[in-house]
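Participant: Let me begin by handing over the structure; questions about it come next.
Protein chains: 2
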Amino acid sequence: MKNIGFIGLGIMGKPMAKNLLKAGYPVIVYDIVEESVHELIEAGAQKGTSSEDVASQSNVIITMLPDSPEVQDAVLGEGGVIQGVKSGSILIDMSSINPKVSQEISKELEQKDVVMFDAPVSGGEPKATDGSLAIMVGGPQQTFEEVKPVLEVMGSSVTYIGEIGSGNICKLANQVIVALNIAGMGEAMVLATKAGVDPENIFNAIRGGLAGSAVLDAKMPMVLDGNFKPGGKIETHTKDLRNVLDTAKELEVPVFLTSQVMEIMQALKVDGKSKNDHGGLVQFFEKLANVEVRRK
Amino acid sequence: MKNIGFIGLGIMGKPMAKNLLKAGYPVIVYDIVEESVHELIEAGAQKGTSSEDVASQSNVIITMLPDSPEVQDAVLGEGGVIQGVKSGSILIDMSSINPKVSQEISKELEQKDVVMFDAPVSGGEPKATDGSLAIMVGGPQQTFEEVKPVLEVMGSSVTYIGEIGSGNICKLANQVIVALNIAGMGEAMVLATKAGVDPENIFNAIRGGLAGSAVLDAKMPMVLDGNFKPGGKIETHTKDLRNVLDTAKELEVPVFLTSQVMEIMQALKVDGKSKNDHGGLVQFFEKLANVEVRRK
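If you read the protein sequences in the order shown, they are chains X and Z. Take the first sequence: its letters are residues 1 to 296, numbered as in the numbering used here. Take the second sequence: its letters are residues 1001 to 1296, numbered as in the numbering used here.
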C-alpha cells in the first residue's frame, strides 16, 4: 500500500486523515497546530516535522489547507513539499483554492516529475467524518485510476472533471449556484413573510416543484428555527466567492449576480454574522425588510 | 355534482377544463377565442355567451387568464362574473396575478355573498394536461374542503396556504426562487465553460450535492443542447416578476436580486428571445461572456 502524507489537519483534514488510517494506509502527518498532530498520532499516524519531511517519506501527498496562499507556501515555500518530494510521487491538493494557482503549482511540480491533482470537496465536516464527501477531480486522466481508490476512502462520489484546475473550477461553479439558491430563497421568503403568509406553508407547497432544491430542503428548516449554527460558514463561502471573482476577472466573465452576493456576505461580516452557516445569508434580506422568517 | 363555469381557455385552461369534463363535471365555458370554445364543446362542454352568462349557470366559477387586468375585467367588468353570479357561489381564480388584485376582487364579490379563492398553479402545459399541477390555494379555510375535490381533478398537489392572496404570494415566492436558481446556474456554467471545463461533467459532479435542484435537473439538459423550446416562457416568467416587484414595492421589501433578473429578462426581450423557455435565461450570461455552454 502507498505511504500517504497528509498536510493540514483542520476541521476537514483531521477526519479525512483518520479515514485513511482506518482503511489501512500508512499515514504521515504535518500541521502547524501540535495538538491536531498529536490527535492523529494517537489514531495511528506517524509524525512529520515539516511538509518537506512528509513529502520525502510518501508516495502520495495530500494537502487540505484554507486557501491558495497556504497551499503555495506548503508546496513551494521554504521547507515545502517540493524540497523533499521523490520523483514519481503524486500530490493531491484537496483544498478549495483559485484554479489558476493549482495550475501554477502543478507546473512547478512537473519539473520534479511529480503529478498533481486538484480535488476539492463538498459536504462539510459530517461528510468528511463518515467518508461520504463529493470530490471533484482535475488532473491527468491517465493517472486518475491510480488515485481514485485513495479518494474513495474519503468520498462517496469521486468525479473526474478534466485537466488540472478543473476540480476547483467545478467547486467554484458549485459555490456560485449554492450562493444564489440561498439568496433567492431569502428574497422570496422575506417577501412572503412580510405579506403575512406562513413561510412554512410556502416551503411545503413549493419544495416538490421547480423551486425545489437541496438548498431549500437543507436551509429552510434553519431559517424557520432562526438557528444558523454551522455547517458551512459564511466566511468559508466568502473565500470561495473571492476565488470566483478573481477567476472571472482573469477569464473575462461578467458575474454581477455573484458580485452582489459577495457584497451581501460583506454586509453580514459587518454585522458579526460571518461565522454563521451560509443559510444565514437570509438574515441580510430579513434586516433589509425588517421582518423575520420564522416558524409560527 | 356542481356545475362548473370555466373562463379562459388558453394553453393551460383548455386541458384543465377537459380534465373536469373527464371527471364527470358539467362544465360551461367561455373564451373570446371561438376556436377554443368549439374545441371544448366537442369535448362535452356547454357554451356560455359571456362571463356573466357562465356565472349565472354555475355553482363554481374558475378563471384561468393571463394577468391581473384580464381577471379584473372578466370578474368585475361589463358582462363580467359579478353581473350574473348567484349568491352562495364560489369563484376560484387559477391565474397567476398580483395578490393585491385577488384581495380587491374578493372584497367586491363578498358584497354578492360569493366566496373567492386564488389558486395559481405551477407545472406548465404537460402537467395541466395530465392533471398533475401543483396548486397553491388562498382563501377561507372553512370552505377549502368544499373546493378541494374540484382542484384535485387538475392537480396532484393541492396545498392550502392561507387567506385570499396567499396563493399568489406563494406563486410569486416560487417564481423568485426559480428565476434566481436559473440565473445562478447560468453564471456558474458560463464561467466553467469559458475556463475550458466540460459543463456536462460539472453538471454530473454537482447535481447530487448542495447545488442540486429541480431547476438544474430540468434546465441543464436544455442548455447543453442549446434547445430552449418552451416549457415555461421567459415572457410569462417576466409577467410574474413584474407582480413580484409591484408587490415588493407595496409591502416595502427590497428585492434587488429579483430586480436584476427582471433586467436580464428585458435584455433577452430586446434580443427576441422572450418566447424561449426560461432556461434560456442562461443565454444572457452566454452573450455577456461570449461563450456557449454546450454538450461536447
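We put the CB at the ideal spot given by N, CA and C, even for glycine.
(1) Using a Cβ-Cβ distance under 8 Å, would Z/Gly1044 count as near chain X?
(2) From Z/Ser1122, Z/Ala1205, Z/Gly1138, Z/Val1223, pick the residue whose C-alpha is nearest to that of X/Ile161; which is it?
(3) Does the ligand MG have even one heavy atom less than 7 Å from the beta-carbon of X/Val255?
(4) How should X/Glu42 be labelled, buried or exposed, when 16 other C-beta atoms within 10 angstroms of its C-beta is the threshold for buried?
(5) Give the single residue among X/Lys229, X/Val60, X/Phe285, X/Gly279 whose Cα lies nearest to the Cα of X/Thr143.
(6) Please list, in chain order, all residues of the same chain as Z/Asp1073 whose beta carbon is under 8 Å from its beta carbon, the five residues on each side excluded.
(7) Take the Cβ of Z/Lys1249 as the centre, count every other Cβ of all protein chains shown within 10 Å, and call the residue buried at 16 or more, exposed below.
(8) Mind checking which residues open and close the beta strand (DSSP E) that includes Z/Phe1228?
(9) Count the C-beta pairs between the stretch 144-156 of chain X and the stretch 1173-1188 of chain Z that are closer than 8 Å, then say yes if the count reaches three, no if not.
(10) Can you check whether the CB of X/Gly24 is closer than 8 Å to the CB of X/Met64?
(11) Rounded to whole angstroms, what's the CA-CA distance from Z/Asp1271 to Z/Phe1203? Just pull it up for me.
(12) Kindly indicate which three-state DSSP category Z/Ile1011 falls into: helix, strand or coil?
(13) What are the uninterrupted segments assigned as beta strand (DSSP E) that are 3 or more residues long and contained completely in the stretch 70-138 of chain X, given in chain order?
(14) The alpha helix (DSSP H) that contains Z/Ser1036, what's its start and end?
(15) Please list the partners that X/Ser312 has in chain Z, where partner means a Cβ-to-Cβ separation under 7 Å.
(16) Verify the CB distance criterion: does X/Pro254 have a CB-CB separation below 8 Å to chain Z?
(17) Select from Z/Asp1217, Z/Ser1106, Z/Gly1186 the residue whose C-alpha is nearest the C-alpha of Z/Gly1165.
(18) Tell me the DSSP bridge mates of Z/Ser1157?
(19) To the nearest angstrom, how far is it from the Cα of Z/Phe1117 to the Cα of Z/His1237?
(20) Helix, strand or coil: which one does DSSP assign to Z/Lys961?
(21) Label Z/Gly1196 either buried or exposed according to how many other C-beta atoms from any shown protein chain fall within 10 Å of its C-beta, with 16 as the threshold for buried.
(22) I think X/Leu224 touches X/Glu200, with their Cβ atoms under 8 Å apart; what is that distance to the nearest whole Å?
(23) Please list, in chain order, all residues of the same chain as X/Val243 whose beta carbon is under 7 Å from its beta carbon, the five residues on each side excluded.
(24) Please classify X/Ser68: does DSSP put it in a helix, a strand, or coil?
(25) Taking only beta carbons into account, state which residues of the stretch 129-154 of chain X come closer than 7 Å to chain Z, listed in chain order.
(26) Do Z/Val1158 and Z/Val971 count as a contact pair if the criterion is CB distance below 8 Å?
(27) What are the boundary residues of the alpha helix (DSSP H) that includes X/Ile28?
Facilitator: Straight from the coordinates:
(1) no
(2) Z/Ala1205
(3) This structure does not include the ligand MG; it has no bound ligands of any sort.
(4) exposed
(5) X/Val60
(6) Gly1080
(7) exposed
(8) Here Z/Phe1228 belongs to no beta strand (DSSP E), and DSSP marks it neither H nor E.
(9) no
(10) no
(11) 27 Å
(12) coil
(13) 90-93, 115-118, 133-138
(14) 1034-1042
(15) In this structure chain X extends from 1 to 296, so residue 312 of chain X is not present and cannot be described.
(16) yes
(17) Z/Ser1106
(18) Z/Ala1134
(19) 22 Å
(20) It is not possible to answer for residue 961 of chain Z, since the shown part of chain Z is limited to 1001 through 1296.
(21) exposed
(22) 6 Å
(23) Reading off the sequence shown, one finds Asn at residue 243 of chain X, where the question assumed Val. Correct list, in chain order: Ile97, Asn98, Leu172.
(24) helix
(25) Ala134, Met136
(26) What the structure shows of chain Z is the stretch from 1001 to 1296, and residue 971 of chain Z is not part of that stretch, so it cannot be assessed.
(27) Where X/Ile28 is concerned, there is no enclosing alpha helix (DSSP H), although the beta strand (DSSP E) it sits in stretches over 27-30.
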